[in-house]
Every structure is written in C-alpha cells, then in structure tokens.
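Trainee: Sharing a structure, written as structure tokens. Questions coming.
2 protein chains.
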Amino acid sequence: MNKKRVLIVDDEEDMRFLVCMYLENSGFECLQAENGEEALELVKQTKVDLILLDIMMPNLDGFALCERIRALSDVPIIFLTARGDEWDKVKGLKLGGDDYVVKPFSPGELVARIEAVIRRSTYHNEHKADGLLSFEAMQIDEKGRRVVVEGKEVILTLKEFDLLLFLARHRGQVFSREELLMRIWGYDYTGNARTVDTHIKTLRLKLKEHGRFIKTVWGIGYKFEV
Amino acid sequence: MNKKRVLIVDDEEDMRFLVCMYLENSGFECLQAENGEEALELVKQTKVDLILLDIMMPNLDGFALCERIRALSDVPIIFLTARGDEWDKVKGLKLGGDDYVVKPFSPGELVARIEAVIRRSTYHNEHKADGLLSFEAMQIDEKGRRVVVEGKEVILTLKEFDLLLFLARHRGQVFSREELLMRIWGYDYTGNARTVDTHIKTLRLKLKEHGRFIKTVWGIGYKFEV
DNA sequence: AGAATTCTTCACGAATTTCTCACAATTATT
DNA sequence: AATAATTGTGAGAAATTCGTGAAGAATTCT
Numbered sequence: 001m002n003k004k005r006v007l008i009v010d011d012e013e014d015m016r017f018l019v020c021m022y023l024e025n026s027g028f029e030c031l032q033a034e035n036g037e038e039a040l041e042l043v044k045q046t047k048v049d050l051i052l053l054d055i056m057m058p059n060l061d062g063f064a065l066c067e068r069i070r071a072l073s074d075v076p077i078i079f080l081t082a083r084g085d086e087w088d089k090v091k092g093l094k095l096g097g098d099d100y101v102v103k104p105f106s107p108g109e110l111v112a113r114i115e116a117v118i119r120r121s122t123y124h125n126e127h128k129a130d131g132l133l134s135f136e137a138m139q140i141d142e143k144g145r146r147v148v149v150e151g152k153e154v155i156l157t158l159k160e161f162d163l164l165l166f167l168a169r170h171r172g173q174v175f176s177r178e179e180l181l182m183r184i185w186g187y188d189y190t191g192n193a194r195t196v197d198t199h200i201k202t203l204r205l206k207l208k209e210h211g212r213f214i215k216t217v218w219g220i221g222y223k224f225e226v
Numbered sequence: 001m002n003k004k005r006v007l008i009v010d011d012e013e014d015m016r017f018l019v020c021m022y023l024e025n026s027g028f029e030c031l032q033a034e035n036g037e038e039a040l041e042l043v044k045q046t047k048v049d050l051i052l053l054d055i056m057m058p059n060l061d062g063f064a065l066c067e068r069i070r071a072l073s074d075v076p077i078i079f080l081t082a083r084g085d086e087w088d089k090v091k092g093l094k095l096g097g098d099d100y101v102v103k104p105f106s107p108g109e110l111v112a113r114i115e116a117v118i119r120r121s122t123y124h125n126e127h128k129a130d131g132l133l134s135f136e137a138m139q140i141d142e143k144g145r146r147v148v149v150e151g152k153e154v155i156l157t158l159k160e161f162d163l164l165l166f167l168a169r170h171r172g173q174v175f176s177r178e179e180l181l182m183r184i185w186g187y188d189y190t191g192n193a194r195t196v197d198t199h200i201k202t203l204r205l206k207l208k209e210h211g212r213f214i215k216t217v218w219g220i221g222y223k224f225e226v
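Protein chains in written order, with the UniProt record's numbering: chain A, 1 to 226; chain B, 1 to 226.
Right under this line is the structure:
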C-alpha cells in the first residue's frame, strides 16, 4: 500500500510542524496549510487522503472550510479542537465518515484515529459499490454496472456509467464541469471541460429522458434529480 | 440440515464466551478468534458459514479485517458494535449481504439475525445444494468439477473451471482482470492481467457460447450473466 | 527423460470508446 | 433588438481496449 497523504490545516506554525513530524515518522506524507485558502488550493490541486483541520482559525473558520471542501471532495476530515465550548459544537456535528480529536492529544492517539478513519473511508468507498441505487424510474446496479430505466436495460459505456453514477450518488447537488472532470476522470486529468457535455448528451439520448434525470444548471454545470 | 458454523471475532474473552454459549444452545457450532490474524487463519483453513465481527478491535480493526476476508471468501459477516459514534457509521454503511447488530443485544435477536443472514446468503445457497450451480443452459458441479452445457459435458482445464465457477458464483457482478487474478490466482499473484482474456477466450470457445454466459464489460472486465 | 497438456506472454488488427472541434441553438446581458 | 456568453449537437480524429493466434514456459503425465 502506498503512503497516505495527510493535509494539516492549522494557523499555528509550531503545531503544524509538530504534527507533521509525528505523522511522517508514522509513515504518512504530509502537506501543510496555514489558512483555509491554502487548504482549498491544495485540495483542488492534489490528491489528499485525509485532512486534519483545526477548528479555531481566523478568517475562514474550520466549519466554513469544511463545507467548501465538501463541495469539492468526500475526503475524510478529522477536526482538531481544544476542550471547551467548541468541543460541544463538534460533538453535535453530523460526522459522516469523519472524526474529531480533542487537544491536547498524544501522538499515538492521533495516528490511531487517522489510520482508523482512512481505513473506514477506503472500506466505505470500496463497498459503496455494493448496493443498488434505486429511483422511481431508474435503477442502478453498481456491482453489475447495469442501468435499468422503466424496466428496460440501457447499455452505457464506462464514462457514461461513471458520470451517471456519480451524479446519482450526489443527487440534488450541482457540479461544474471542472469538478466532474476532477472527481470522475481524476484530479490530474487535463482535458477539455466540454467533454462532459458530450457525455451528458449521449447519456440523455440513451436514457430517453427529456430533462428528467440530468438537469442543466445554467452557468454552473449539471445535477441529477429524480 | 447440518449445523452451521459461526466464527466469533472479538478481543474480549468474556464476550466471546457469552455469545458462544448463546449460539451453541441455539444449535450452532462455534469458532472463536481473539484478533484479526486468528480470524483470517480460521477462514483460510476451515469452512465458516457466518462471521460475527466486533468492529472495535486493537491493531487490525473490524473494517480492515472485513476487507481481508472479502479477498478470500464471500462468507456473510455480521458486525457487532457498541451504540455510539460507530453505530452511526455502520448504520450509514451499505452492507451487501451483511448486517450489523448493536450491543447490548438479546440472545434471541442475535440468533434471529444470524439465521436471517444465513438464509438469504447467496454464499450459503450456492453451497448447500450439494455444490451444484444450476442455470437454464448450464450446470456446474463444484465438487466433481464438471460442467454440462445443454446436456453435454464440457471438459475444462483447472483455470478455466475456476474462472467459470467464480464468475458464475457471482453472477451479474463485474470484475476487473486484476480482481479476478487476486481472487482466483491468489492475492499475491503477480502476472499479466491479459492472461485472463486468454482463458475467457478458450472458455467461450468450449462453451460454444456467443456472448451468452460471459459478458465483456468494456473498460472494466468481465461478468457472468444467465 | 520425453511427450503432452496447460498456462502465460506478446503483438497486431479490429472494435469501441473517448475526445475535440466547429457550428447551431439557447439563455442572459446591454 | 442586438450582442455576448453558455450549452446542445453532429461528425470525425485520436486513444484505448479487446479478441485472437502463435509461440515460449511451466507443469503434468507416461
């Protein structure tokens, strides 16, 4: 297994440096960001396996940053927080595949939590393909890569299927062409964004839908809606 | 009906012992493992009908162990978990043929869940009918390693048979060449993925099928379909 | 050991998919 | 109403992937 890349977001340089040392000694690769903007850039431009996020930061605070990151990626996030008021807030959070760690923490504890979250998230990603996405007029068999619309099977190519699956999994959420390229084609893919349009076109054709599933959000991108 | 064998994986000895008592009173045969390594060994060396897996274990946690087991076998798994954060996480999981039970549980509930999972498990179904996989135009005798297509026996080589059997057992599911190599040739096999193609070729030839059983999923791999 | 069978690798053409681009159609802005 | 920006679409080029035959290893059989 290749090294997992952890992004450390904290405004205190000493803290970042310390945590970075711990993690690199434990076999992780580390990236650092001093503020939300830097963090977002890194998430956009590189593949990150996990984010360690200090909640108390000036300007863009941890919670806000979390939302922005979530718009880009499902990367798991571990919140770092001092015991006190913030702790209650985090406790009340809906933590998807995420976790939180209260300062001060021991190196060992942190590493253990990181490993657990990463394992869980890769497990989740791999097994998320186990199920059957079912809507009123459409069923998507992820394991068998089959799509059935109104009882009839529709044959899709790889990219068509991946695109449909991604949109369906995140139904209701709008994605720009660039985001779709990044998350379906891969973060390092460099290609024309209009390629997405072409696949949307063939998808719509094959699904015999007339704006029923894939909606165009003018000026932004596309989204899936029942 | 012969006794079903359940493997209990939990680091707490008391817990294992207690569950074991329950199950043996309910007519199951029990195996115990204290950690992931032991569990893997038992899965490799004996026939297990179901695994009861405590998620919170030191070292190799439940999710990671689950992955390792899945590389070896399709045996159904029931996750045991304490109510709390983990419970939410498991609840959000898409469990294939699997299930989860929240501690503390009543003996009756546990037994009922186990029986339900075993009943609906395809793994179990495929294995119980004295090892005979039967489709309309094809019968596969697992024990005798014989294949009959339209009433006529077809002689297959070892790899051909293993490949056909694996795909047939997981009908409808697409597998990449790499996955097939891992699960048929062995997880540590390092060889050319296109080797799979060659075996698919000879299989198709011998089965005299014209895209009837083994379907190519372009860009991904192969799957078995009635 | 030698023969026979099975397994694996390789390479090439064929088939399929993916991407790009130009232009038409649509929507928003001035 | 005209203009600009954005999206839809068709066609063809480019890239990828697959099927297949052949030939070299590896294994099993005699």
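Using N, Cα and C, we set each Cβ at its ideal position, and we do this for glycine too. Note that the structure is predicted; figures quoted are calculated from it, not measured.
Hey, is Gln-173/B's beta-carbon within less than 7 Å of any beta-carbon in chain A?
Mentor: In the second sequence, counting from the first residue as 1, residue 173/B sits at position 173. Yes, Gln-173/B counts as interfacial toward chain A.
Trainee: Can you check whether the C-beta of Val-217/B is within less than 7 Å of a C-beta belonging to chain A?
Mentor: As a position in the second sequence, residue 217/B is number 217, starting the count at 1. So yes, Val-217/B belongs to the interface.
Trainee: Determine, for Gly-144/A, whether the minimum Cβ-Cβ distance to residues of chain B falls below 7 Å.
Mentor: Here residue 144/A corresponds to residue number 144 of the first sequence, with the count starting at 1. Chain B, which has a Cβ nearer than 7 Å to the Cβ of Gly-144/A, makes this yes.
Trainee: How would you list, in chain order, the residues of chain A whose beta-carbon sits under 8 Å from the beta-carbon of Ile-69/B?
Mentor: Walking along the second sequence from the start, residue 69/B turns up at place 69. The premise fails here: Ile-69/B is roughly 12 Å from chain A at the closest Cβ pair, so nothing lies under 8 Å.
Trainee: Against chain B, does Leu-158/A count as a neighbour if the rule is that its beta carbon must be under 7 Å from one of theirs?
Mentor: Here the question's residue 158/A lines up with position 158 in the first sequence. Taking Cβ atoms only, chain B reaches closer than 7 Å to Leu-158/A, which makes this a yes.
Trainee: Taking the alpha-carbon positions, what's the Cys-20/A to Pro-76/A distance?
Mentor: Residue numbering aside, residue 20/A sits at position 20 when the first sequence is read from its first letter. Residue numbering aside, residue 76/A sits at position 76 when the first sequence is read from its first letter. Approximately 18 Å between the Cα atoms of the pair.
Trainee: If you reduce the DSSP assignment to three classes, tell me which class Arg-146/A lands in.
Mentor: Locating residue 146/A in the first sequence gives position 146, counting from the first residue. Looking at Arg-146/A - three-state DSSP - the assignment turns out to be strand.
Trainee: For Leu-132/B, which beta-bridge partners are listed by DSSP?
Mentor: One-based indexing of the second sequence puts residue 132/B at position 132. According to DSSP, Leu-132/B bridges with Asp-141/B.
Trainee: What are the boundary residues of the alpha helix (DSSP H) that Ile-200/A is part of?
Mentor: If you number the first sequence from 1, residue 200/A lands on position 200. Residues 195-206.
Trainee: Under three-state DSSP, which class holds Gly-221/B?
Mentor: Residue mapping note: residue 221/B aligns to position 221 of the second sequence, counting from 1. Of the three classes helix, strand and coil, the one that applies to Gly-221/B here is strand, per DSSP.
Trainee: Could you tell me if Arg-16/A is buried or exposed, where buried requires 16 or more neighbouring beta carbons within 10 angstroms of its beta carbon?
Mentor: Here residue 16/A is taken as the residue at index 16 of the first sequence, counted from 1. Counting Cβ neighbours within 10 Å, Arg-16/A comes out buried, since at least 16 surround it.
Trainee: For Ser-176/A and Val-217/A, what's the separation of their Cα atoms in angstroms?
Mentor: Within the first sequence, residue 176/A is the residue found at index 176, counting from 1. Within the first sequence, residue 217/A is the residue found at index 217, counting from 1. Roughly 9 Å separates the two Cα atoms.
Trainee: Span of the beta strand (DSSP E) holding Glu-209/A?
Mentor: As a position in the first sequence, residue 209/A is number 209, starting the count at 1. Run containing Glu-209/A: none; DSSP gives neither H nor E here.
Trainee: What three-state label does DSSP hand Glu-12/B in the structure shown?
Mentor: Your numbering for residue 12/B matches position 12 in the second sequence. Coil, per DSSP.
Trainee: From the DSSP output, in three-state form, read off Lys-4/A for me.
Mentor: What you label residue 4/A is simply residue 4 of the first sequence in a count that begins at 1. If DSSP states are grouped into helix, strand and coil, Lys-4/A belongs with coil.
Trainee: What are the partner residues of Phe-79/A, as DSSP defines its beta bridges?
Mentor: Residue mapping note: residue 79/A aligns to position 79 of the first sequence, counting from 1. DSSP, once it has assigned bridges, lists Leu-53/A and Tyr-100/A as partnering Phe-79/A.
Trainee: What does Lys-206/B touch in chain A if you count any residue whose Cβ is under 8 Å from its own?
Mentor: Position 206 of the second sequence, counted from the start, is the residue given in the question as residue 206/B. Here the premise fails: no neighbours, minimum Cβ distance about 24 Å.
Trainee: What is the DSSP secondary structure of Lys-215/B, counted as helix, strand or coil?
Mentor: Numbered from its first residue, the second sequence carries residue 215/B at position 215. Three-state DSSP puts Lys-215/B in a strand.
Trainee: By alpha-carbon positions, which one of Leu-53/B, Val-43/B and Lys-215/B ends up nearest to Leu-110/B?
Mentor: What you label residue 110/B is simply residue 110 of the second sequence in a count that begins at 1. When only C-alpha atoms are compared, the closest one is Leu-53/B.
Trainee: To which residues of the same chain is Leu-23/B closer than 6 Å at the C-beta, ignoring the five residues directly before and after it?
Mentor: Numbered from its first residue, the second sequence carries residue 23/B at position 23. Contacts found: Val-6 and Cys-30.
Trainee: Reducing DSSP to helix, strand and coil, say where Cys-24/A ends up.
Mentor: Taking the first residue of the first sequence as 1, we reach residue 24/A at position 24. It should be pointed out that residue 24/A corresponds to Glu in this sequence rather than to Cys. In this structure, Glu-24/A counts as helix in the three-state DSSP scheme.
Trainee: Looking at the unbroken alpha helix (DSSP H) that takes in Glu-178/B, where does it start and where does it end?
Mentor: The residue labelled residue 178/B in the question sits at position 178 within the second sequence. Where Glu-178/B is concerned, the enclosing alpha helix (DSSP H) stretches over 177-180.
Trainee: Identify the residues that DSSP records as bridge partners of Cys-30/B: which are they?
Mentor: Residue 30/B sits at position 30 when you count from the first residue of the second sequence. Answer is Val-6/B.
Trainee: How big is the Cα-Cα spacing for Gln-139/B and Val-226/B?
Mentor: As a first step, residue 139/B must be located in the second sequence, where it is residue number 139. As a first step, residue 226/B must be located in the second sequence, where it is residue number 226. So the alpha carbons of these two residues sit roughly 12 Å apart.
Trainee: Classify Lys-152/B as helix, strand or coil using the three-state DSSP reduction.
Mentor: Position 152 of the second sequence, counted from the first residue, corresponds to residue 152/B. DSSP places Lys-152/B in strand when its eight states are reduced to three.
Trainee: For Leu-158/B, count the other beta carbons within 10 Å of its own beta carbon; 16 or more makes it buried, fewer makes it exposed. Which is it?
Mentor: Working through the second sequence from its first residue, we reach residue 158/B at position 158. With fewer than 16 other Cβ atoms within 10 Å, it is exposed.
Trainee: Anyone know if the C-beta pair for Leu-72/B and Val-149/B falls short of 7 Å?
Mentor: One-based indexing of the second sequence puts residue 72/B at position 72. One-based indexing of the second sequence puts residue 149/B at position 149. No. Outside cutoff.
Trainee: What are the boundary residues of the alpha helix (DSSP H) that includes residue 232/B?
Mentor: There is no way to answer for residue 232/B, as the model of chain B reaches only from 1 to 226.
Trainee: Hey, would you say Arg-68/B sits closer than 7 Å to Leu-40/B, going by beta carbons?
Mentor: Along the second sequence, one-based indexing puts residue 68/B at 68. Along the second sequence, one-based indexing puts residue 40/B at 40. The answer is yes: Cβ separation under 7 Å.
Trainee: Here's the rule: buried if 16 or more other CB atoms are within 10 angstroms of the residue's CB, otherwise exposed. What is Arg-194/A?
Mentor: By one-based count along the first sequence, residue 194/A stands at place 194. It counts as exposed.
Trainee: Would you call Lys-223/B buried or exposed, if buried means 16 or more other Cβ atoms sit within 10 Å of its Cβ?
Mentor: Working through the second sequence from its first residue, we reach residue 223/B at position 223. With 16 or more Cβ atoms within 10 Å of its Cβ, Lys-223/B is classed as buried.
Trainee: How would you list, in chain order, the residues of chain A whose beta-carbon sits under 7 Å from the beta-carbon of Ile-78/B?
Mentor: Along the second sequence, one-based indexing puts residue 78/B at 78. None at all; the shortest Cβ gap to chain A is about 15 Å.
Trainee: Taking the Cβ atom as the reference point for each residue, do Phe-79/B and Ile-118/B lie within a distance shorter than 7 Å?
Mentor: Numbered from its first residue, the second sequence carries residue 79/B at position 79. Numbered from its first residue, the second sequence carries residue 118/B at position 118. In this structure, Ile-118/B does not lie closer than 7 Å to Phe-79/B by Cβ.
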